[in-house]
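Protein sequence lines, in the order shown, are assigned to chains A and B. The first sequence begins at 1 in this note's numbering and counts up by one. The second sequence begins at 1 in this note's numbering and counts up by one. We put the beta carbon where it would ideally sit given N, CA and C, even for glycine. Accompanying notes for the structure given below.
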Amino acid sequence: MPRREDLESILVIGAGPIVIGQASEFDYSGTQALKALREEGYRVILVNSNPATIMTDPEMADEIYIEPIQWQSIAQIIERERPDALLPTMGGQTALNAALDLVREGVLEQAGVELIGASREAIDVAEDRERFKRAMTEIGLNTPHSALAHTFEEALAIQSGIGFPTVIRPSFTLGGSGGGIAYNRAEFIAIAERGLDLSPTGEILVETSLLGWKEFELEVVRDRADNCIIVCTIENVDPMGVHTGDSVTVAPALTLTDKEAQRLRDQAIAVLRKVGVDTGGSNVQFAIHPKSGEIMVIEMNPRVSRSSALASKATGFPIARVAAKLAVGYTLDELRNEITGGRTPASFEPTIDYVVTKIPRFNFEKFPEASDRLTTQMRAVGEVMAIGRSFAESFQKALRGLEAGFDGLNERIPAGPVGPDDRERLENEMRFPGPERLWYVADALRHGWSLAEVAALTAIDPWFLDQIQRLVEEEETLRREGIEALVPTRLRSLKRLGFSDSRLATLLRVDESAIRSLRLASGVKPVYKRVDSCAGEFPTETAYLYSTYEEECEARPSARRKVMILGGGPNRIGQGIEFDYCCVHAVQALRADGFETIMVNCNPETVSTDYDVADRLYFEPLTLEDVLAVIELERPEGVIVQYGGQTPLKLAVPLALAGAPLLGTPADSIDLSEDRERFQGLVAELGLTQPPNRTVRSAQEARVAAESLGFPLLARPSYVLGGRAMEVIFKPAELEEYMVRAERVPQAMPVLLDRYLDHATEVDVDIVADGERVLIGGIMEHVEQAGVHSGDSACSLPPNELVPDLQKTLEKQVTLLAERLGVRGLMNVQFAIQDDEVYLIEVNPRASRTVPFVSKATGRPLAKIAARVMAGVSLAQQGYRECATPRHYAVKMPVFPFIKFQGADPILGPEMKSTGEVMGYGESFAEAYAKAQLATGVMLPFSGVALISVRDADKPQAIILARGLVDRGFRLVATRHTAEALRSAGLDCAMVNKVREGRPHVVDLIINREIALIVNTTQGREAILESRSIRREAIHQKITYYTSVEAARAMLTAWGHTQDFKVHPIRDWLSGGKGN
Amino acid sequence: MADPALLALADGTVFEGVSIGRAGIRTGEVVFNTALTGYQEILTDPSYYGQLVVLTTPHVGNVGTNAADCESAAPATAGLIMRNASPVASSWRSEITLARFLEIRGIVAIAEVDTRKLTRHLRDRGAQNGCILAGPDALQDHERAIREARGVPAMAGCDLSENVSVAEQAPWVEGSSFPGEARALDKRSRGNGLHVVVYDFGVKRNILRLLVETGCRVTTVPASTRVEQLVDSLRPDGVLFSNGPGDPEAMTDAIAQAQAWLDRRVPFFGICLGHQLLALASGARTRKMKFGHHGANHPVLELATGRVWITSQNHGFAVDETDLPANLVPTHRSLFDGSLQGIERMDVPALGFQGHPEASPGPHDAAGLFDRFLRLMQAHTAQRSRNMDSGAFRAET
């Protein structure tokens, strides 16, 4: 059946901000879907609140709305655009939920909009656990046995029919709190009682534990003619008990016989048929008992997902693209398989001749109060994928691509005899998995644990354990034999197992360069194979490549003018989708200028690793060894290292030393801006002002420095992104503590101490320079004061309060810096302004996190402009001269993952914790701020009791805030000192105890839901610890809270707009004409 | 350390690797199979008789081997070529490791080969003969291996059925032992003891198992069995010509037997080689393909419904569609290369399918063809009993 002619325009809902469990893979999928629909000639309308996405670029759809994803704003869009259909399957759970809301509110029916891609019924059956379970039973498939209990007796009765271990899940508690796994009756009684008590509805789900069962995911695509294909079967190395997003996974499945694989295939297809997904892709998850082969259906997602993105990258089959085409009427056999140049149809099952390994990336270190044990709730913030011709090779490439300080199976427990403490640690790490379980597995095998023991503790399939064992044995043998043993054949066989030069160097206690020279002298070099979805059965022109150590190289580099762009590797807090956005823009701009573009990256979630974005894609780890190998093969005329964040930037100097032709700002300027001492010299030379600062290397030096700088201080290690380990320090004792912690870190770096500027306004400036001119891209004024990491602050473009004179001063200073540093391309500068004094905080001669936001706010694609500058097209040639300040306001606002990290303190500080961002446009700052706030999903109360508890320095501001709240009809309650301040300002305010002052105290009020809004600021380590329970409980009870007075005040001004705002396509905002 | 091994192709290309299982020398046509799972089924599929099979899947041997997954006790694949051979087996179903299995079955295998290079080579130049040499001195013998490869007779023109067929007629009673395997069959169509005679040209056991699952009574007979020997003694309700190795055009006896069955209007089902024999018996021609179809991901279009089946395939010859006789109707086509995949006779109850409805290894999408065969037999027996009833009535009057 061909394309549907009865549809003319289609509305697509994006996934909104990046959060844990819903990341940049939805930009990848959404972008594919938009391209697929537009090439069919449909008028496509998109709504997505996330500005750092390729899908929201002006050329991606006919109309783009960067507006909150909630039914009210989408209803407005539908009213304006009158689409014929709505495609909700490309934007994750967010889009599905929004679509269901639109159905429920009758919006779709009223406007005559058809839901395509998934019906309401299918979404319902898939999402509703009870209905899903029933549906599975009806088709003879098994689901884990479970039932709800409302009394302790009920719970016991259910349990007796299930056996141990039993999972207990209290209903409606956040993040599964109060739940657990019981291995015996005593544990069950304890957990069930606690769960019944903690559940607000007094209800617990008692469920069979599938802990230790093998876990598989099948990516299924089905069309309206009922043709079904399995695109990929993914096997989880971490068995059931760890969320699949937190698990190490491989494709193809490696521990299934054909009989079992086909049984899963049959069941997966049966699930789609039953649920009623008839035009698109779905993911079905199964658990298999390792000893009996018994199968349980765990769940299914009737939409593209993180797994479908991984499956697409793993096989070369673009699931989202195909799903979009199926949604508008095509059948699979009518579509071509693009990667083989259309030689074969899309109605086939990809087969692969390599192994793909995915390893999740975690950021637990940013939430030290939260447990880092992996559970059924996802906490990974990113992932790395690697391709190799064997599991060992693929696995080891992934280990080093993860960029978590490993270049292989590095030891977590030092060599030598293990004591009882180490044994216990090993046992715990294996039994209760954390983010580094497989490294501990290697350690256990190194220290003589048997495979059976490790298998018993981890339930990891012995096949994988055996593979790890072999790697460990290779390492031990090599260590014993020494470098003399590294004859060419041996070296080649080690490289075939995926060992990096640097890991071999560590094992042999030599320099990485020594291994590299030896390797090159031995003629041991990688070849590159193509990903083609068909194991070589059909020829392909698509250059989607990975390295391996074999005979034939299929790379066939061209003789064209070419530029290589290094991507950002796995997403993590501080280095996320914004950098991939910049990389994609570099590719697009240079491709348009006629260059061949070569992308190197290892992040499967991104647009940049879609094989048709760049001319050539090398899916490789971003290490010096792997990148140099590609450079040597391709011989590009330029390499861009400034776009992918800190990952490629760290390679700048070594790449330059190895003779790589880096484009843009010289590597030395990057070093000059990153090296604190060199930078100080530069600041002095230019006559600029920095907050007084010192670099210290010991606690002793820190004490001395603190005396001259004075408190408060901002402390941080050098060379970090995302404010890793940054803290504001108010007292000598805190400084002592900080230094002790800093020194404990391996490869301890010097610590930078800055005078902390209290009550200063922070400003970000993004520019492009070409050596002749400086184009000011945008000046962003932060809402939160300096000291909150810039990535965690809301900001406004144009500045909301910054006076024009100061803006001019900033522009002058930035221009001076750009000229002195010889910037060719992007630069970001951060300032703090205290009492009209401008302090230079940081200079980054590279792409910054704010580039996509600035580009969306101003309509100027900064990353593209800068990429062309780097390739030699000046700003004048591009026609860019003046910075035109937009007439509208744009506000960027971060979103945080605190809800996922039980116990983590949601207070903001110099260490970045947000995972993503949203954007709001408005005719005023207030409107833009209101829309951004709505887009983050925060619900604003309109009456009730506001709790205020602020540090002394914030009290004057708090009074203004409190007045505003009273004007809006709120009643006030405050802790002692705040209450006194408010009362003395004439405000009526109740007083409540702090926690240490005795009960009833502030947290009691919150738990009793007597509070509608919380404003809580605090300073100093002790005070922060003391007030943590307030903020945690606010998260638990889903109460709107602010940890900065400025943000609360901004919200107050925006309040009116949260109920009453107008949506406009970005085209209207950018053209300045929003005529309805 | 494993012994070295090498693979030489007739065109002189040589691949070095390591020996898995036993030392020795094996020659044959080299073909590649792209299935991700099912190495054991492939190793025991008699259609691979005399061939050296390259598996493109990256790891082989992971799940060991077991008795239930054998597709035949007859000689099958001569040699196996792979990238990574798993030293351990990990599966609740595993009984012996792959290496041991290879030894028992007398299969010579080579691992650590750049199988992707080899596959691309075969794809571009076509299937060709090769030689695996495995043993301590294998690498010293490039020239010998190439010579051996060049000495292999071409597959075209070879009738290989007598090497793989059963010696004597025998009943087959075993059904599917793996839960879920027969799930794809239509539960409504039950064979109720319909008797199917299976001509064994190297039959895969799963064909027999699925026939039993549909409720049929099954008898296997040697490839050389003549119609006259059977028609009265066994009184089959249907005849199935199985898969198997070799060039169908060379199998003149088998073609003649197929013709005889068709002339008797006994419902006929040809699978793979059997499908080609049906075509030849109906007056069509077959041709040798460049590198054939060997895999488990082949899309086949059912022409009547427009439905796409993902099928298991293993054939180096194909029915030529260019001048098909009028009594043969195409029913299925490959969406990979448009080649003919299924036929039915207009005049007699006969169907043929080029792929493997019994899968094993591979997807179950085409399993409905067994139901189709069943319905042909049911219609036939109903007709026969009507004829007999009316005949009886006439006799009385």
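Neighbour flag for residue i against chain A, beta carbons, 8 Å
i	result
B/R93	yes
B/P361	yes
B/G38	yes
B/T119	yes
B/P4	no
B/N387	no
B/G292	no
B/L335	yes
B/P330	no
B/H356	no
Counted within 10 angstroms of its Cβ, other Cβ atoms place residue i as buried (16 or more) or exposed
i	result
A/R488	In the sequence as presented, Arg is not what sits at residue 488 of chain A; that position holds Pro. A/P488 is exposed by the Cβ-count criterion.
A/S848	buried
A/K650	buried
Chain B contact for residue i (CB, 8 Å cutoff)
i	result
A/S914	no
A/Y544	no
A/N227	yes
A/Q262	yes
A/T257	yes
A/V355	yes
A/P318	no
A/G202	no
A/W463	yes
A/R492	no
A/D466	yes
6 Å Cβ shell around residue i - same chain, five flanking residues per side excluded
i	result
A/A979	C989 and M991
A/G645	G568, Q575 and F579
B/N192	G215
B/A2	V18 and S19
A/Q22	A15 and G92
B/Q40	T65 and D69
B/G21	A99, L102, E103 and A109
B/D141	L133
Same chain, Cβ closer than 8 Å to residue i, five either side skipped, listed in chain order
i	result
B/A167	P222
A/M136	N142, T143, V271, K274 and V297
Sequence-distant residues of the same chain with beta carbon closer than 7 Å to residue i, five excluded per side
i	result
A/A36	R321, A324 and K325
A/G293	E260
A/T477	none
A/S119	G276
**Item:** Complete runs of the alpha helix (DSSP H) confined to the segment 367-420 of chain A [at least 4 residues]
**Value:** The DSSP assignment places 391-401 as complete runs of the alpha helix (DSSP H) inside the segment 367-420 of chain A, in order along the chain (cut-off: 4 residues).
**Item:** Residues in the segment 133-164 of chain B having any Cβ partner in chain A nearer than 7 Å
**Value:** Legend: CB atoms of the segment 133-164 of chain B lying less than 7 Å from CB atoms of chain A are not found in any residue.
**Prompt:** Given a limit of 7 Å on CB to CB distance, which residues of the segment 292-304 of chain A reach chain B?
**Reply:** Residues of the segment 292-304 of chain A with a Cβ closer than 7 Å to any Cβ of chain B, in chain order: S292 and G293.
**Message:** Could you tell me which whole alpha helix (DSSP H) segments of length 4 or greater appear in the segment 461-520 of chain A?
**Reply:** Segments of the alpha helix (DSSP H) lying fully in the segment 461-520 of chain A: 462-481, 488-496 and 501-508.
**Request:** Jot down the residue ranges of each uninterrupted alpha helix (DSSP H) in the segment 253-328 of chain B, minimum 4 residues, whole runs only, in chain order.
**Result:** Taking only runs of at least 4 residues, the alpha helix (DSSP H) segments lying wholly in the segment 253-328 of chain B are 273-281.
**Request:** Taking only runs that begin and end inside the segment 154-205 of chain B, name each unbroken beta strand (DSSP E) of 3 or more residues, in chain order.
**Result:** Within the segment 154-205 of chain B, the complete beta strand (DSSP E) runs of at least 3 residues are 170-172 and 195-200.
**Message:** Counting only Cβ-Cβ distances shorter than 9 Å, please list the residues of the segment 386-415 of chain A near chain B, keeping chain order.
**Reply:** Look at the segment 386-415 of chain A: the residues with a C-beta under 9 Å from a C-beta of chain B are G388, R389, S390, F391, A392 and S394.
**Message:** Restricting to runs no shorter than 3 residues, where is the beta strand (DSSP E) found entirely within the segment 687-734 of chain A?
**Reply:** Correct list: 693-696, 713-717 and 727-729.
**Request:** Mind checking the segment 299-330 of chain B against chain A and listing, in chain order, the residues whose C-beta falls within less than 9 Å of any C-beta there?
**Result:** Residues passing the 9 Å Cβ filter: P299, L301, T305, G306, R307, V308, W309 and I310.
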